[in-house]
Structures are given as structure tokens and as C-alpha cells.
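*Asks:*
Protein chains in written order, with the numbering used here: chain A, 1 to 338; chain B, 1001 to 1338.
#1: At a CB-CB cut-off below 9 angstroms, which residues of chain A make contact with residue 1246 of chain B?
#2: Indicate whether the contact test is met: 3 or more Cβ pairs, each with one atom in the region 1224-1237 of chain B and one in the region 324-337 of chain A, closer than 8 angstroms.
#3: Sorry if obvious, but does the Cβ on residue 49 of chain A come closer than 7 angstroms to a heavy atom of the ligand PLP?
#4: With respect to the alpha helix (DSSP H) encompassing residue 1251 of chain B, which residues constitute its N-terminal and C-terminal limits?
#5: Whole angstroms is fine: what's the gap from residue 1335 of chain B's alpha carbon to residue 1033 of chain B's?
#6: Once the 5 residues before and after residue 193 of chain A are set aside, which same chain residues still bring their CB inside 6 angstroms of it?
#7: If the cut is a Cβ gap below 9 angstroms, which residues of chain A does residue 1325 of chain B touch?
#8: Determine whether the Cβ of residue 1103 of chain B lies closer than 8 angstroms to any Cβ atom of chain A.
#9: From residue 90 of chain A to residue 223 of chain A, what distance separates their C-alpha atoms?
#10: Which runs of the beta strand (DSSP E), 3 residues or longer, sit entirely within the region 1221-1281 of chain B?
#11: Roughly how many angstroms separate the alpha carbons of residue 172 of chain A and residue 1184 of chain B, rounded to a whole number?
#12: Quick check on this structure: which residue in B:1268, B:1273, B:1209, B:1285 has the alpha carbon closest to the alpha carbon of residue 1250 of chain B?
#13: Does the beta-carbon distance from residue 102 of chain A to residue 290 of chain A come in below 8 angstroms?
#14: With 8 angstroms set as the bound, which would you pick, yes or no: does the beta-carbon of residue 1231 of chain B sit closer than that to a beta-carbon of chain A?
#15: Rounded to whole angstroms, how far is the Cβ of residue 1108 of chain B from the Cβ of residue 1121 of chain B, which I believe are closer than 8 angstroms?
#16: In whole angstroms, what is the alpha-carbon distance linking residue 321 of chain A and residue 1238 of chain B?
#17: My assumption, with CB atoms under 8 angstroms, is that residue 1216 of chain B sits in contact with residue 1067 of chain B. Please give the rounded CB distance.
#18: With 16 other CB atoms within 10 Å as the buried threshold, where does residue 1048 of chain B fall?
#19: From B:1083, B:1028, B:1213, pick the residue whose C-alpha is nearest to that of residue 1115 of chain B; which is it?
#20: Could you tell me whether the Cβ of residue 1334 of chain B comes closer than 8 angstroms to any Cβ of chain A?
#21: Name, going along the chain, the residues of the region 187-207 of chain A whose beta-carbon falls closer than 8 angstroms to a beta-carbon of chain B.
#22: Is residue 322 of chain A close to chain B? Criterion is C-beta to C-beta, closer than 8 angstroms.
#23: Quick one: Cα of residue 298 of chain A to Cα of residue 1198 of chain B, how far?
#24: Is it the case that the Cβ atoms of residue 1097 of chain B and residue 1277 of chain B are separated by a distance below 8 angstroms?
#25: For residue 219 of chain A, count neighbouring C-beta atoms within 10 Å of its own C-beta (all shown protein chains included) and say buried if the count is 16 or more, exposed if not.
#26: Classify residue 1053 of chain B as buried or exposed, calling it buried when 16 or more other Cβ atoms lie within 10 Å of its own Cβ.
#27: Given a limit of 8 angstroms on CB to CB distance, which residues of the region 251-268 of chain A reach chain B?
#28: Answer yes or no: do residue 244 of chain A and residue 93 of chain A have a C-beta to C-beta separation smaller than 8 angstroms?
#29: Determine whether the beta carbon atoms of residue 1112 of chain B and residue 1275 of chain B lie at a separation below 8 angstroms.
#30: Is the Cβ of residue 1023 of chain B closer than 8 angstroms to any Cβ of chain A?
#31: Mind reading off the beta-carbon distance from residue 43 of chain A to residue 135 of chain A? Whole number of angstroms is fine, and I expect it under 8 angstroms.
#32: Under 8 angstroms, Cβ to Cβ, is there at least one residue of chain A near residue 1317 of chain B?
#33: Would you report the Cα separation of residue 1338 of chain B and residue 117 of chain A, rounded to the nearest angstrom?
#34: Does residue 137 of chain A have its Cβ less than 8 angstroms from a Cβ in chain B?
#35: Is there at least one Cβ from chain B nearer than 8 angstroms to residue 171 of chain A's Cβ?
#36: Could you spell out where the alpha helix (DSSP H) holding residue 136 of chain A opens and where it closes?
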């Protein structure tokens, strides 16, 4: 019985049981099955130039711990992304460490001596200060802007797209996008999870997303101090802090680290915590043995089918489809290219 | 700068900046500050008889790993909870193991030989088979039942309560309860996170909740195989599987375990995975050195203030309150009693 717990994701479709409420007529395969069967044309190459490779020191058993981060594309967070490229090119993080692991919240890395003006490692030249405004973007395409507030038309367009993805005829499924506690709507665009309100669009704090540590506002952080989400999506941080990317490989090396016992989960050597050393952080151009990656194209039919199945589980393990899903429960599938 | 990242939770309230949109007039302290200042009368003792104590083998550095689980009260899942009490009383889990750790999903424990009819450990006598109907409950109080479908009146009552908690005059705050992708409404009741629809009420799969592994339906599991949520809330499991409690202490010992490399994150010794041994699982009555625990009473003013602050962060770190929150982002504070 053990191996079948929560097995739905890997099983084939079964006939629809008569007593189930029908979000869709007919059978549905599981999300994982849809992804496994998606044609090559429904996958989109991830640009190697957007990848950052973080190597932690090997684990206690000597195994390497490599983490691959995909940086956000325009129009999101490009000031910070540019800083991060400069920091990586300067090998700035080499020999620094994971400094904080707070359970159900974040793993954070940077300079353990960052607060000590004497010991802190100097930042490379040319980093920019990015204003708070850039926590959000205003429109995917400037031609969509139709009024002073920017984006009423865009918003309508996106909500229509949401209807297309989750089904116009199904009010329960539409809750998938409409029933968000933090924004008017959420959507997947260009391979990313986004939220939308008042004509503004922003990336959201889902599991594995990478963001920029900062001081009190109006400080927005440089990008030298980064964190990734290792628990339930802390969406209250959306629009309050810059997101710059997501972990697409090696997430377990961040999420399974020992938790810190200092304030806010910072590692406290006085309490027996040991910081986890960073060997290096490199732009992919400097890394020889990196595989290629693809994401399931969020504009293609396979993704729409996958998202619908995440909202309406019809595979044999489930007796009751939820009829909805939140944006962070529809992660964008990413795979290594063989 | 490092120690101030995401520091909001521990800071005192600051004057409301003029440019912020006003979900509430005036200043708000952080959620953690509200909890820290809650009067003793706003805390509620957790019944020691509802506690289960799971001791994993010590970690690589020899530190003990104790996990404390609080079992769900009536009217939820009492068939499985009864089985779990019997299994613990029989010391059934002693010497078994954590068998699965799937990143951003679940840590699961039970009998590694459970699928082997010869090697599987025999279950104690007297376990009951619980029907699928009991994944949900119908009303908090039978006197509230007002029609054949059970609960239209209850639902109204609960939505009114939601209004009371999050504020009648604030449509954005009400999204906290109304904007749920998986149910008509969510709420906190008697110290637990619940969802509601069509007159039915059920516990939800938030981080740290404990559920019952099962075979394909109509099997509902005995309670011998358990899991806890270690990632973003997999709410699609709600109403499809029994929840029986939550981890109130030692969660990090479950969430930071190495991930499994077999199918669905099961530990696969052939791939170098090592299962984590369980020393014992005991009802609290058999444990001598267990502290007492309290939760922040979800019926009291401090909790309402805390929940509101989770939805509307006004502490100095934040520049933009979300104006809403999902039920799993409002965990019920639990503390050891000194």
C-alpha cells in the first residue's frame, strides 16, 4: 500500500466515475502524464544566458550540490538582474555562504560579514540602485496601454486569456485564476507565474522563486544577498521586494538544509549552527558541464491541459476534483534536455 | 544589511506612511509582535491527550529529533484518529522509518516493508475501516443544521464570522476568506484551519498538517502510514484523503530531511538513499519529559488582530500591504508553556 500513496501524478486516466461532479466531461490524465506526453514542440528552450550556477560545498557524504537559477526576463526586475550578472562575473559570492534557513520560509545566502563595515566584502563597481517602482511592471506590450492608469485593456486581455486556459464554460475552473487572495488575477506568461491588479503585473513568491534581500525601505537591495522560498508561498512579500528568478535544478540542496537557530532562522555559530559554504556562483557562460533546460511553453496546448488538470484532478487516486487551484500550485514544468 | 531582510515579523509598528493605500486607518504592529503581546487569557491549552510524540533516530551530529503531533478534535477524522491512538498504544511504529521525502510535497513514514505480504508488520487488532464520507464534516453544532443538505445556516454563520474577523467594512480584507481557489470560504475554528462549501467543512492541507496514506479509492487508509506537508499547500488533496493532525513542535526534523530519489520521492536504497529510523511513537501519556503547549485562541481578539496583520502588513519592512491572505498563510501560533 505504501507506494501508492498520492500516486495520482504518475497514473493513466481512468473512466470518469458517475458520482463525481463534472468540471469537464470525460476522462483526464494526471498533470505528470500530460507533461510526459507533451510533444517536443510544446517545450521551449531556456536561454543559457539567463542561467546562474551556484555550487555549494559537497554534503556530508561528499556529494556535490549544484543549484541552477533561471533569471527573470524583461520587463521584470532587470535592474537587479543586471547587478546579479555583474556580481557573478566578478565571482563575488565565491567563498561566501548560506547564512539563513528559516523553516517554511526562506533559505538565504550572501556575505556572513555583510553587516560588519570592516569585514564586509566590497561590492563590484557599477551596481545600480533600483527604485521600488520596479517591483512591478506595467504591461506586457506598450501598445496595449489604453489609458492613463496603464493597463485596463491589458487586464481585460489577460482575464480573457485566463478564460481560454481554464475554460469559459466552467465557473469553478475560472476560480483558478479569479480566486486569488492577493491580486485581482494570476496567470502564467512566458514560462512564469504572475499576478495582476490595477494594470500592474508582478512575479509572485512561489516555492523556489529567488528574491533580493534588502534593508528597510526605501532600500531595495543590490542583489548581493539572495533568498529562495522553501515553504508555503509568502505572497505578502509580492510587490514589497524584488524577485529575480527561480531555481530550476537542485532545489533540494536549498530546501533540505538544516534550519538556523538564530533570530529569523539565521545560522548562529554560538548555537551550534554551521553555515553552508558557497564554492562559486557563475554565469552559465563560464560553466562547461551544464545541461540544456526547457520549460513547458505556457502558451501551448499541453500547458493549458496541464494547468486544467492541476485544478481538476481526475486521475484514479482522486475522488473529488478541487475545481480550482492557486497560481503557486501550478508550477511551470522544467526538464533537462537529454 | 543581512539581518534586516524580511525582518518585518519582529519589529514594532511604525507611523503609517501617507502614500500607502489604507486597508485600515492607523498603525499595525507585525503579526509576531501581536502574538508576543497577546495576554495569557488569549492562549488556549492544548489537551495533552491529543499529543503524539515521534522520536526519530538522532541526527548525524548525535542530536535528538523529537516531533510532536497534535491530533484533530471532533468532528474531524475521528475514525482514523482512533486507529492512530491504537497504533501508538501498541508501539506499532517503533523501529519503522521515514520512507519518503518528496521535495515541495510530503515527508511520509510507516513500514518500509508494508507492500511485502510476508515481511509487513502486522497491524494491531481493532482498527476500523473509515468511509470516504468522513473526509469532511457537516456542521460544528448539530443545532445549526437547518435543512436536509445540512449546513446552509452554518455556512451563513461562518461567513458572518469571517466578516467579523477580517472586518465588515473592508472588501479587500474580506478577500482573505472569500478569495480561496479551492472552497467557497475558509476560516479558523477551535485552533484549526478549515475550508467550507456546500454545507461541508473540512481541514486543509497546510504546511505541517499530518494526513493518512492510502491505496486507491475506496480505500481510505488505516492511519499506519502517515505524511506531513513540507511545501506549498497541496490543497488538491483536501476532501480526497484524511487529515488527522499537525506538527506543533520539531517540524524542522521532517522538513529538512534529505529528499528521496526513488519514484515519487520514496527513499531508494539502491540509489544511495538511507531511510530515517523511527525510535518510537508514543501517546503523550507514556512520555515523561514533554512540555505543555498552548495555541493562540482563534476565538479571541489577539488572533483576529494577528490574522488581520497577516493580510495587511503595516510593519516598517512593508511598503504595500497585500490586502488579503490565504488560509495556509495564517498558521495558528503554538507555543511551549514555560
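Just so you know, even glycine gets a beta-carbon here, dropped at the ideal spot from N, CA and C.
*Replies:* The structure says:
#1: What you label residue 1246 of chain B is simply residue 246 of the second chain in a count that begins at 1. Per Cβ cutoff of 9 angstroms: no residues; residue 1246 of chain B is ~12 angstroms from chain A at best.
#2: yes
#3: In the structure on display, the ligand PLP does not appear, and there are no ligands present to speak of.
#4: As a position in the second chain, residue 1251 of chain B is number 251, starting the count at 1. Per DSSP, residue 1251 of chain B belongs to the alpha helix (DSSP H) from 1251-1255.
#5: Counting from one through the second chain, the residue named residue 1335 of chain B turns up at place 335. Counting from one through the second chain, the residue named residue 1033 of chain B turns up at place 33. Roughly 14 angstroms separates the two Cα atoms.
#6: Working through the first chain from its first residue, we reach residue 193 of chain A at position 193. Taken in chain order, the residues that qualify are 204, 206, 327.
#7: Residue 1325 of chain B sits at position 325 when you count from the first residue of the second chain. By Cβ distance, chain A contributes 181, 182, 235, 236.
#8: As a first step, residue 1103 of chain B is located in the second chain; it is residue number 103 there, counting from the start. Yes, contact with chain A.
#9: Your numbering for residue 90 of chain A matches position 90 in the first chain. Your numbering for residue 223 of chain A matches position 223 in the first chain. Looking at the two C-alpha atoms, the distance is approximately 13 angstroms.
#10: 1226-1229, 1243-1249
#11: Here residue 172 of chain A refers to the residue found at position 172 when the first chain is read from its first residue. Here residue 1184 of chain B refers to the residue found at position 184 when the second chain is read from its first residue. Per-residue confidence for residue 172 of chain A stands at a pLDDT of 37, beneath the threshold of 50, marking its modelled position as unreliable; the derived number appears in the next sentence. So the alpha carbons of these two residues sit roughly 10 angstroms apart.
#12: The residue given as residue 1250 of chain B occupies position 250 in the second chain. Looking at the Cα atoms, B:1209 is the closest of the given residues.
#13: Here residue 102 of chain A corresponds to residue number 102 of the first chain, with the count starting at 1. Here residue 290 of chain A corresponds to residue number 290 of the first chain, with the count starting at 1. For residue 102 of chain A and residue 290 of chain A, no; Cβs fall outside 8 angstroms.
#14: Counted from its first residue, the second chain places residue 1231 of chain B at position 231. By this cut-off, residue 1231 of chain B is an interface position.
#15: In the second chain, residue 1108 of chain B corresponds to position 108, counting from 1. In the second chain, residue 1121 of chain B corresponds to position 121, counting from 1. No, residue 1108 of chain B and residue 1121 of chain B are not in contact; Cβ-Cβ is about 16 angstroms, not under 8 angstroms.
#16: Residue mapping note: residue 321 of chain A aligns to position 321 of the first chain, counting from 1. Residue mapping note: residue 1238 of chain B aligns to position 238 of the second chain, counting from 1. So the alpha carbons of these two residues sit roughly 9 angstroms apart.
#17: On the second chain, position 216 is the one that residue 1216 of chain B refers to. On the second chain, position 67 is the one that residue 1067 of chain B refers to. About 28 angstroms; that fails the 8 angstroms criterion.
#18: Translated into positions along the second chain, residue 1048 of chain B becomes position 48. Under this definition residue 1048 of chain B is an exposed residue.
#19: Against the second chain, residue 1115 of chain B aligns to sequence position 115. It is B:1213 whose Cα lies nearest to the Cα of residue 1115 of chain B.
#20: Working through the second chain from its first residue, we reach residue 1334 of chain B at position 334. Not an interface residue.
#21: 206, 207
#22: Within the first chain, numbered from 1, the residue matching residue 322 of chain A stands at position 322. Yes, residue 322 of chain A counts as interfacial toward chain B.
#23: The count along the first chain starts at 1 and reaches residue 298 of chain A at position 298. The count along the second chain starts at 1 and reaches residue 1198 of chain B at position 198. So the alpha carbons of these two residues sit roughly 33 angstroms apart.
#24: Taking the first residue of the second chain as 1, we reach residue 1097 of chain B at position 97. Taking the first residue of the second chain as 1, we reach residue 1277 of chain B at position 277. Taking 8 angstroms as the Cβ cut-off, residue 1097 of chain B and residue 1277 of chain B qualify as a contacting pair.
#25: Reading the first chain from its first residue, position 219 is the one you call residue 219 of chain A. Its Cβ having fewer than 16 others within 10 Å, residue 219 of chain A is exposed.
#26: Taking the second chain and counting its residues from 1, one reaches residue 1053 of chain B at position 53. It counts as buried.
#27: 251, 252, 255, 256, 257, 258, 259, 263, 264, 266
#28: In the first chain, the residue the question calls residue 244 of chain A occupies position 244. In the first chain, the residue the question calls residue 93 of chain A occupies position 93. In this structure, residue 93 of chain A does not lie closer than 8 angstroms to residue 244 of chain A by Cβ.
#29: As a first step, residue 1112 of chain B is located in the second chain; it is residue number 112 there, counting from the start. As a first step, residue 1275 of chain B is located in the second chain; it is residue number 275 there, counting from the start. A contact, by the Cβ cut-off of 8 angstroms.
#30: The residue given as residue 1023 of chain B occupies position 23 in the second chain. Reliability fails at residue 1023 of chain B, whose pLDDT of 45 lies under 50, so the model's placement of it is uncertain and the value that follows must be treated cautiously. So no, residue 1023 of chain B is outside the interface.
#31: Walking along the first chain from the start, residue 43 of chain A turns up at place 43. Walking along the first chain from the start, residue 135 of chain A turns up at place 135. Contact flag wrong, Cβ pair sits at about 30 angstroms.
#32: One-based indexing of the second chain puts residue 1317 of chain B at position 317. Interface residue, yes.
#33: In the second chain, counting from the first residue as 1, residue 1338 of chain B sits at position 338. In the first chain, counting from the first residue as 1, residue 117 of chain A sits at position 117. Whole-angstrom Cα-Cα distance: 39 angstroms.
#34: Residue numbering aside, residue 137 of chain A sits at position 137 when the first chain is read from its first letter. Chain B contact via Cβ: absent.
#35: Locating residue 171 of chain A in the first chain gives position 171, counting from the first residue. At residue 171 of chain A the pLDDT is 39, less than 50, meaning the model places this residue with poor confidence; the figure from the coordinates comes in the next sentence. With 8 angstroms as the cut-off, residue 171 of chain A does not count as an interface residue toward chain B.
#36: Translated into the one-based positions of the first chain, residue 136 of chain A becomes position 136. Per DSSP, residue 136 of chain A belongs to no alpha helix (DSSP H) and is neither H nor E.
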